[in-house]
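Sequence lines, in order, name chains A and B. First residue of the first sequence? That's 1 in UniProt numbering, and the numbers climb one at a time after it. First residue of the second sequence? That's 1 in UniProt numbering, and the numbers climb one at a time after it. Quick reminder that beta carbons are idealized off the backbone N, C-alpha and C, glycines included.
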Amino acid sequence: MTDAANPPEGTNPLTPVLTRRWLSPRSWTLHTYEQLEGYSALRTALSAHPDQLIELVKAAGLRGRGGAGFPAGVKWGFMPKEPSKPHYLVINADEGEPGTCKDVPLMMADPHSLIEGCVIAAYAMRAHHCMIYVRGEALHCVRRLHQAVREAYESGYLGRDILGSGFDLDVVVHAGAGAYICGEETALLDSLEGKRGQPRLKPPFPAQAGLYACPTTVNNVETIASVPYVVNGGSDWFRTMGREKSPGPKIYSLSGHVENPGQYEAPLGTTLRELLELAGGMKDGVPLKFWTPGGSSTPLLTADHLDVPLDFEGATEAGTMLGTTALMIFNETVSVPWAVMKWTQFYEHESCGKCTPCREGCFWLAQVLERMVDGRGTEEDIDTLLDVCDNILGRSFCALGDGAVSPITSGIKYFRDEFLALCERNRSTETADTALVGAAR
Amino acid sequence: MTEQFDVTTTEHVIVPGERAAYTAVFDEKVRADAREVIDRYPDPRSALLPLLHLVQSVQGHVTNEGIEFCAEQLALATAEVSAVATFYTMYKRNPCGQHLVSVCTNTLCAAMGGDEVYKRLGDHLGVGHEETAGTPGEQGSITLEHAECLAACDLAPVLQINYEYYDNQDSTTALELVRALQRGEKPPPTRGAPLTDFRDVERQLAGFFDGPGAEAAENASAAAPETVRGARVADEHGWTAPAMPDHAELPPRPDDK
Chain A
1 MTDAANPPEG TNPLTPVLTR RWLSPRSWTL HTYEQLEGYS ALRTALSAHP DQLIELVKAA
61 GLRGRGGAGF PAGVKWGFMP KEPSKPHYLV INADEGEPGT CKDVPLMMAD PHSLIEGCVI
121 AAYAMRAHHC MIYVRGEALH CVRRLHQAVR EAYESGYLGR DILGSGFDLD VVVHAGAGAY
181 ICGEETALLD SLEGKRGQPR LKPPFPAQAG LYACPTTVNN VETIASVPYV VNGGSDWFRT
241 MGREKSPGPK IYSLSGHVEN PGQYEAPLGT TLRELLELAG GMKDGVPLKF WTPGGSSTPL
301 LTADHLDVPL DFEGATEAGT MLGTTALMIF NETVSVPWAV MKWTQFYEHE SCGKCTPCRE
361 GCFWLAQVLE RMVDGRGTEE DIDTLLDVCD NILGRSFCAL GDGAVSPITS GIKYFRDEFL
421 ALCERNRSTE TADTALVGAA R
Chain B
1 MTEQFDVTTT EHVIVPGERA AYTAVFDEKV RADAREVIDR YPDPRSALLP LLHLVQSVQG
61 HVTNEGIEFC AEQLALATAE VSAVATFYTM YKRNPCGQHL VSVCTNTLCA AMGGDEVYKR
121 LGDHLGVGHE ETAGTPGEQG SITLEHAECL AACDLAPVLQ INYEYYDNQD STTALELVRA
181 LQRGEKPPPT RGAPLTDFRD VERQLAGFFD GPGAEAAENA SAAAPETVRG ARVADEHGWT
241 APAMPDHAEL PPRPDDK
C-alpha cells in the first residue's frame, strides 16, 4: 500500500485491496490482521462523529457490491439520526447467485476485515446489534466468522465500550438453511426472524421498518469489508481506482472455460479482454461464445462485448447489469439453449412461491425449455418463452423474477438461430449430432 | 423450494406416549443448548433456523418430534415450524446418511463436468436426488443430492460432503471419494476442516463448535490456488493499489459546519 514506485498517471491492472492479505500465512487470524494494519481504521472511526463516516462513504462513492450497486453512503443516510427504536445492521453473506464466488473466499481468508467494517458501519448508523447472515452451505465461512467474532470480543473490538469509546456492539453469526431467495434483502430479514424467506413489499424500506420492524440496513459482505480501507485511505484515494460513477476496486470472479480461473481484484471498469489476459486467455484456446458479467441474473454477453467497461454504467450501456462481477465464461462447445434451460431450472427451484408471475412463470419456462432442448420444440415456443418472460419481468414481487428472464431474453436475442436449430432438428427427427453439451439429451 | 413433501405439513398432534418419546430424544443437554441459541437473539423466534439445525444434529433429519421440540421452545404452533422446515433445502424430511454428498449441477459446474459427476455417483450408489444408499445414520451411508450453485465456480466442478468443499472434481475423483466414504474413511476436503459427519456439521451450523476436530477446523487453511490467483499475479508483477495518504481527511464534523 505504500509502494511509492507506482506510476502516478494510472493504476495497475490489478489493485489488491480486499485481497491483499490473502497471501499472508494464517491470514484469517486476528494476529495477522493486526500486523497488517487491521483495526486501525476502527480507531479513526470511533473518534469521529457518526455522520462524518456516512459523508465519507458517500464522498467515496462506494456502491453496493451485492449486485444492485446502490450507493452505500446514501443507504446509511436513510437510517434515523436520533434512534427511537433499536437499529440493526445486517450483513448479507448469503452468496448464491450462480457464478458468484467472491464473498465465500473473502470470509474464509480475511474475516476480520468484514468484522471491522461491521463495527464502523454500525457506529455510523447508531446500531448496537449486527447480524451476519451466512449461507448455510458455506460452513467453513460460518466457522471462520465465529472464530473471528470470538477473537474480536476477547480483544475489545466487539462488546461493551469498544476501545474505550463508549460504543457497544454485539455481532451474531447466523447460518441460513439453503434458499437462494434469502439473498433478497427483505426475504433475508424474514428468514432472520425465523420465518419462510419470502420478500416483503417495499415501502416500507428496511431503513424505516426492517428487522423486528426496526430501522435496519442490509449490506453485502464485500461492501462492508471495503469500509475500513475507505476510512484509512479517504475518499480521494478510493476514487483513484475505477471510474467516476463506479469508483474503487472490485473482486472479479472468473470461472468456466478460462486457463486460470480465480479471483482477480481490479479497478471497476476493467474489461473482460483485460481480465482474460490476466487469466491466461481462453482454456485450450477454444474461442469464447458467451459470458455473464455478474451472475446468471444479468443478461448474457458475447465475444462482441470484450471491451465493455465492467462497471455499473458500462454494463447498463451494453444492455446488461454489473451484478456481482461473476464472470462465467463459456466457449463454443456449450449450447446456449441448454445453458439457459439449466439456469431456468434453477430459478424454478428457487422461486419462493409468493407471487404468481414468478412461481408459475418459471415453472412453465422450464417446461418449454426442457422440451426444446429435448428436441421436441417448435418455433412457436420461442414466442411463448418471450411472452411469458414479458409477463414476469417487472410484474414479479421481487428481483428474482426479473433475474429469471435475463438468460432467456438475452439468449434468444444473441443466439436465436441456436433455438431455431433445435426446432429444425425436431422436424427432420435427426438426433445424431451431439456436438453441443446437453443439446441432444 | 416449491416441491411438495410427502410428509404432511398440517398440525401434528402429540399423544401422551409420543411426548415421552421426544423428551427422551431431546434431553436436558439439548434443551440447554436450545436455550443458549435462543439467548443469542433479541427475539426468540430468530432462533428457529439454528434450532432446526440443532434438531438435525440430534436426529439426522427434521422429525415430527423435532418440530414439536422447536415449537415448544419458541411457543409457536407446530404448523408454523413445519412451514419453515419445509421451505429450506438444508432441512431434510427423510433420514439422512452419515454423509451428505451434494453435487453442484448448476450451469457452469454442469458444463465443466458436474452433470457427469452426479450421474456417475447416482449410478454407483443406485440412488437419485435426496435418496440414501445404505441404512441412514449408519457408517458409510450416503445421501446424494444435486445442489444449486455452491459459490465455488472458479473451482468447478465442485461437490460438497457435509458442506465441506471438494474442488475441481471429475467423475473419477468423485467416485473415488464416495467409495472412500463407503469404506468408512474420511477423505480430507480441498478447503476447510477435516471431514466429520452430517450430524456434527449440523451442530456447527447451530453455532456449536465443541465437536471433534474443532481445533483443526480453526487452523484449516481455505485458500485454494484459484482463490489467490489474482493476488499472486499482482504480487509477481509488483502491482499494488495506489498508495494511501499518511493521514486521510474525514469530511468535517457536522457541528463544525
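Decide if residue i is buried, meaning its Cβ has at least 16 other Cβ atoms within 10 Å, or exposed.
{"i": "residue 267(A)", "result": "buried"}
{"i": "residue 247(B)", "result": "exposed"}
{"i": "residue 356(A)", "result": "exposed"}
{"i": "residue 27(A)", "result": "buried"}
{"i": "residue 85(A)", "result": "exposed"}
{"i": "residue 413(A)", "result": "exposed"}
{"i": "residue 35(A)", "result": "exposed"}
{"i": "residue 100(A)", "result": "buried"}
{"i": "residue 177(A)", "result": "buried"}
{"i": "residue 202(A)", "result": "exposed"}
{"i": "residue 252(B)", "result": "exposed"}
{"i": "residue 260(A)", "result": "buried"}
Is any beta-carbon of chain B found at less than 8 Å from that of residue i?
{"i": "residue 202(A)", "result": "no"}
{"i": "residue 264(A)", "result": "yes"}
{"i": "residue 39(A)", "result": "no"}
{"i": "residue 245(A)", "result": "no"}
{"i": "residue 20(A)", "result": "yes"}
{"i": "residue 349(A)", "result": "yes"}
{"i": "residue 172(A)", "result": "yes"}
{"i": "residue 178(A)", "result": "yes"}
{"i": "residue 343(A)", "result": "yes"}
{"i": "residue 64(A)", "result": "no"}
{"i": "residue 297(A)", "result": "no"}
{"i": "residue 76(A)", "result": "no"}
{"i": "residue 354(A)", "result": "no"}
{"i": "residue 282(A)", "result": "no"}
{"i": "residue 325(A)", "result": "no"}
{"i": "residue 135(A)", "result": "yes"}
{"i": "residue 193(A)", "result": "yes"}
{"i": "residue 190(A)", "result": "no"}
{"i": "residue 241(A)", "result": "yes"}
Could you confirm whether any beta carbon from chain A is found closer than 8 Å to the beta carbon of residue i?
{"i": "residue 2(B)", "result": "Here residue 2(B) scores only 46 on pLDDT, less than 50, and its place in the model should not be relied on; the value that follows carries that caveat. True, the Cβ-Cβ gap to chain A drops below 8 Å."}
{"i": "residue 94(B)", "result": "no"}
{"i": "residue 48(B)", "result": "yes"}
{"i": "residue 103(B)", "result": "no"}
{"i": "residue 154(B)", "result": "yes"}
{"i": "residue 209(B)", "result": "yes"}
{"i": "residue 195(B)", "result": "no"}
{"i": "residue 99(B)", "result": "no"}
{"i": "residue 226(B)", "result": "yes"}
{"i": "residue 10(B)", "result": "Legend: pLDDT at residue 10(B) = 46, less than 50; position of this residue unreliable, no value from coordinates given."}
{"i": "residue 144(B)", "result": "no"}
{"i": "residue 198(B)", "result": "no"}
In its own chain, which residues sit with a C-beta less than 7 Å from the C-beta of residue i, not counting the 5 before and 5 after it?
{"i": "residue 106(B)", "result": "148, 149"}
{"i": "residue 239(B)", "result": "none"}
{"i": "residue 435(A)", "result": "Since pLDDT at residue 435(A) reaches only 48, below the 50 mark, its modelled position is unreliable, and the value read off the structure follows with that caveat. Taken in chain order, the list of residues that qualify is empty."}
{"i": "residue 214(A)", "result": "85, 86, 87, 88"}
For residue i, I'd like the list of residues in its chain whose CB is within less than 6 Å of its CB, leaving aside the five on either flank, ordered along the chain.
{"i": "residue 39(B)", "result": "none"}
{"i": "residue 344(A)", "result": "365, 366, 369"}
{"i": "residue 170(B)", "result": "113"}
{"i": "residue 351(A)", "result": "358, 359, 362"}
{"i": "residue 409(A)", "result": "389"}
{"i": "residue 187(B)", "result": "177, 180"}
{"i": "residue 191(B)", "result": "165, 222, 224"}
Listed in chain order, which residues of the stretch 91-120 of chain A have Cβ atoms closer than 8 Å to some Cβ of chain B?
95, 96, 97, 98, 99, 100, 101, 103, 104, 105, 108, 109
Assess contact between the stretch 99-107 of chain A and the stretch 219-238 of chain A, defined as three or more Cβ pairs (one per stretch) separated by less than 8 Å. Is contact present?
yes
With a cut-off of 8 Å, do at least 3 Cβ pairs link the stretch 54-65 of chain B to the stretch 80-97 of chain B?
yes
Residues within the stretch 119-132 of chain B neighbouring chain A, beta-carbon criterion of under 9 Å
none
Is the number of C-beta pairs between the stretch 111-121 of chain A and the stretch 28-42 of chain A that are closer than 8 Å three or more?
yes
State whether the stretch 136-151 of chain A contacts the stretch 52-60 of chain A, with contact taken as three or more CB pairs (one from each stretch) at a distance under 8 Å.
no
Are the stretch 14-28 of chain A and the stretch 253-262 of chain A in contact at 8 Å, needing three or more beta carbon pairs?
no
Taking a cut of 8 Å between CB atoms, which residues from the stretch 239-255 of chain B lie near chain A?
239, 240, 241, 242, 243, 244, 245, 248, 249, 250, 251, 252, 253, 254, 255
With a threshold of 8 Å, are at least 3 pairs of Cβ atoms found where one atom belongs to the stretch 81-100 of chain A and the other to the stretch 180-192 of chain A?
yes
Short-range partners of chain A found in the stretch 159-188 of chain B, where Cβ spacing is below 9 Å
160, 162, 163, 164, 165
Using a Cβ cut-off of 7 Å, which residues of the stretch 217-238 of chain A contact any Cβ in chain B, in chain order?
232, 233, 234, 237
According to a CB-to-CB cut-off of less than 9 Å, which residues of the stretch 49-62 of chain B neighbour chain A?
49, 50, 51, 52, 53
Counting beta carbon pairs with one atom in the stretch 193-211 of chain B and one in the stretch 137-156 of chain A, are three or more of them shorter than 8 Å?
Contact between the stretch 137-156 of chain A and the stretch 193-211 of chain B is established, with three or more Cβ pairs separated by less than 8 Å.
Cβ-based contacts, 8 Å cut-off: residues of the stretch 23-39 of chain B near chain A
none
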